[in-house]
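Q:
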Amino acid sequence: MKKIYLIILVLLCFNINAQVPSTCSISPLLNKAGIWPDSATNFVSGTVGIPYFQNITIKVSSDTSAGPLSFCFTRFELSNSGSFTNYNLPPGLSMNAGPTLTLGTGVIKIPAQAASCAWIAGTPTVAGTYTLQMRVQAFGTPKFGTCASPPNYNNGTAISTQTLSYYIIQINPSGSTGLKEIVNSKSLNMQASPNPAFNKTNLKFTVNDESNAKIILHNLLGEKVLENTIETKIGENNYELNLNNLNNGVYLYTLQYKNYKETKRLIVSTVK
Numbered sequence: 427m428k429k430i431y432l433i434i435l436v437l438l439c440f441n442i443n444a445q446v447p448s449t450c451s452i453s454p455l456l457n458k459a460g461i462w463p464d465s466a467t468n469f470v471s472g473t474v475g476i477p478y479f480q481n482i483t484i485k486v487s488s489d490t491s492a493g494p495l496s497f498c499f500t501r502f503e504l505s506n507s508g509s510f511t512n513y514n515l516p517p518g519l520s521m522n523a524g525p526t527l528t529l530g531t532g533v534i535k536i537p538a539q540a541a542s543c544a545w546i547a548g549t550p551t552v553a554g555t556y557t558l559q560m561r562v563q564a565f566g567t568p569k570f571g572t573c574a575s576p577p578n579y580n581n582g583t584a585i586s587t588q589t590l591s592y593y594i595i596q597i598n599p600s601g602s603t604g605l606k607e608i609v610n611s612k613s614l615n616m617q618a619s620p621n622p623a624f625n626k627t628n629l630k631f632t633v634n635d636e637s638n639a640k641i642i643l644h645n646l647l648g649e650k651v652l653e654n655t656i657e658t659k660i661g662e663n664n665y666e667l668n669l670n671n672l673n674n675g676v677y678l679y680t681l682q683y684k685n686y687k688e689t690k691r692l693i694v695s696t697v698k
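What follows is the structure, encoded as C-alpha cells:
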C-alpha cells in the first residue's frame, strides 16, 4: 500500500475542556486524499495547564492496489497499539471522533471516499515528549469495475495493518512558553463577545480619554497572528475583530493602551 493511505488516519484535533468547540471541522487546505496537517508539519507544542486545540482533516481515497489485487476502500480503523493506552497521549488529553466518524470501544472508524475530522481534547498535566502510537487498519473489497459510491462502510476485509509512531506532542512545563492572561490593576474592563466566536467577535473596553490602542492576537505558542491599531474614544469602545482567517483553537487577545495592558483568552470555532 502506498504510504499516503496509511497516513490518512493518523491525526486528530485538539479541543478544550468544555470551553472549546464541541466538534472539529473540514479544512479547505486538504483538497486531495491525505491528512492536514501532515506528518512533516506534525503537532504543535502544548504547555501544562493551558488548553490545547488543533483541527485535523482526514480524507480517504476510493481505492488502492495491494499485491496483485485492487481494492475499493470501505473504511479505515484507528485504535491503540500494543501495550500503549490512550494512544500514548500526554496525560490530560483524550481522543474524540468527529461528527462523520464512528467511535467504538477504543476504535475510530473513518469512512472511505469522504473528508472527515476528529480531535484530541484536554488540558495537558505532565510535561514531556510524547510519541503517539496508533494501530491503523485499512478495509476494502476486491475491485471489479468502479468502486461503489458511497461504499458500504460495514463491508470489507483488512487489507493492511500498520503501527504509526512518528507523530509527536511536546508538552512544555507550566510558564515555559506561550502567554498568560494578564489583567492590569487599573482594568480596562475588556471583554470579547461572543466567546467562543465563529467568524468575528466584538471587543468592548473602557478608557478615560482619546488615544491610540493596539489590539494583538497570539496563538498559544506566543506567535502573533493579528495586530490592529485603533483610535479610542472616552468611555466605552467597541471594536469588531475579524476571525475569518484563523483556525479553530484558543488564542490570547491583548489590548495595549498607554501604559496599560490586558490579555484574555478567546476561543475561535469554524463551526457554529
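Residue numbers (the numbering used here): 427 to 698. Think of the CB as a built atom: it goes at the ideal place given N, C-alpha and C, for glycine as much as any other residue.
1. Between the alpha carbons of N621 and E666, how many angstroms are there, rounded?
2. Can you tell me whether Y513 is helix, strand or coil according to DSSP?
3. Please list the terminal residues of the continuous beta strand (DSSP E) segment that includes T658.
4. In three-state terms, what does DSSP make of N489?
5. Cβ of S542 within 8 Å of Cβ of G524?
6. To the nearest angstrom, how far is it from the Cα of Q588 to the Cα of T680?
7. Would you decide whether G508 is buried or exposed? Buried here means 16 or more other CB atoms lie within 10 Å of its CB.
8. Restricting to Cα atoms, I'd like to know which of V474, L515 and F499 is closest to V552.
9. Would you decide whether S451 is buried or exposed? Buried here means 16 or more other CB atoms lie within 10 Å of its CB.
10. Specify whether the stretch 634-643 and the stretch 652-659 touch according to this definition: at least 3 beta carbon pairs, one from each stretch, less than 8 Å apart.
11. Do M616 and K684 count as a contact pair if the criterion is CB distance below 8 Å?
12. Provide the residue span of the beta strand (DSSP E) that contains S471, from first to last.
13. Should G571 go down as buried or exposed, given a rule of 16 or more other Cβ atoms within 10 Å for buried?
A: Taking the geometry as given:
1. Here residue 621 corresponds to residue number 195 of the sequence shown, with the count starting at 1. Here residue 666 corresponds to residue number 240 of the sequence shown, with the count starting at 1. Distance between the alpha carbons of N621 and E666 is about 13 Å.
2. The residue labelled residue 513 in the question sits at position 87 within the sequence shown. Y513: helix per DSSP, three-state reduction.
3. As a working mapping, residue 658 is identified with position 232 in the sequence shown. Counted as a single uninterrupted DSSP element, the stretch harbouring T658 is not any beta strand (DSSP E), since DSSP gives it neither H nor E.
4. As a working note, residue 489 is residue 63 in the sequence shown. It should be pointed out that residue 489 corresponds to Asp in this sequence rather than to Asn. If DSSP states are grouped into helix, strand and coil, D489 belongs with the strands.
5. On the sequence shown, position 116 is the one that residue 542 refers to. On the sequence shown, position 98 is the one that residue 524 refers to. Closer than 8 Å, so yes.
6. Stepping through the sequence shown from its first residue, residue 588 is reached at position 162. Stepping through the sequence shown from its first residue, residue 680 is reached at position 254. Each residue's Cα considered, the two are about 45 Å apart.
7. What you label residue 508 is simply residue 82 of the sequence shown in a count that begins at 1. Per the 10 Å Cβ criterion, exposed.
8. Start at 1 with the first residue of the sequence shown, and residue 552 comes out as number 126. Of V474, L515 and F499, the residue nearest in Cα terms is V474.
9. The count along the sequence shown starts at 1 and reaches residue 451 at position 25. Under the 10 Å beta carbon count, S451 is surrounded by 16 or more other beta carbons and is classified as buried.
10. The stretch 634-643, when compared against the stretch 652-659, does touch it at the 8 Å Cβ threshold.
11. Residue 684 sits at position 258 when you count from the first residue of the sequence shown. Residue 616 sits at position 190 when you count from the first residue of the sequence shown. Not closer than 8 Å, so no.
12. Position 45 of the sequence shown holds residue 471. Looking at the DSSP string, S471 is not in any beta strand (DSSP E), and its letter there is neither H nor E.
13. As a working note, residue 571 is residue 145 in the sequence shown. Exposed, by the Cβ-count rule.
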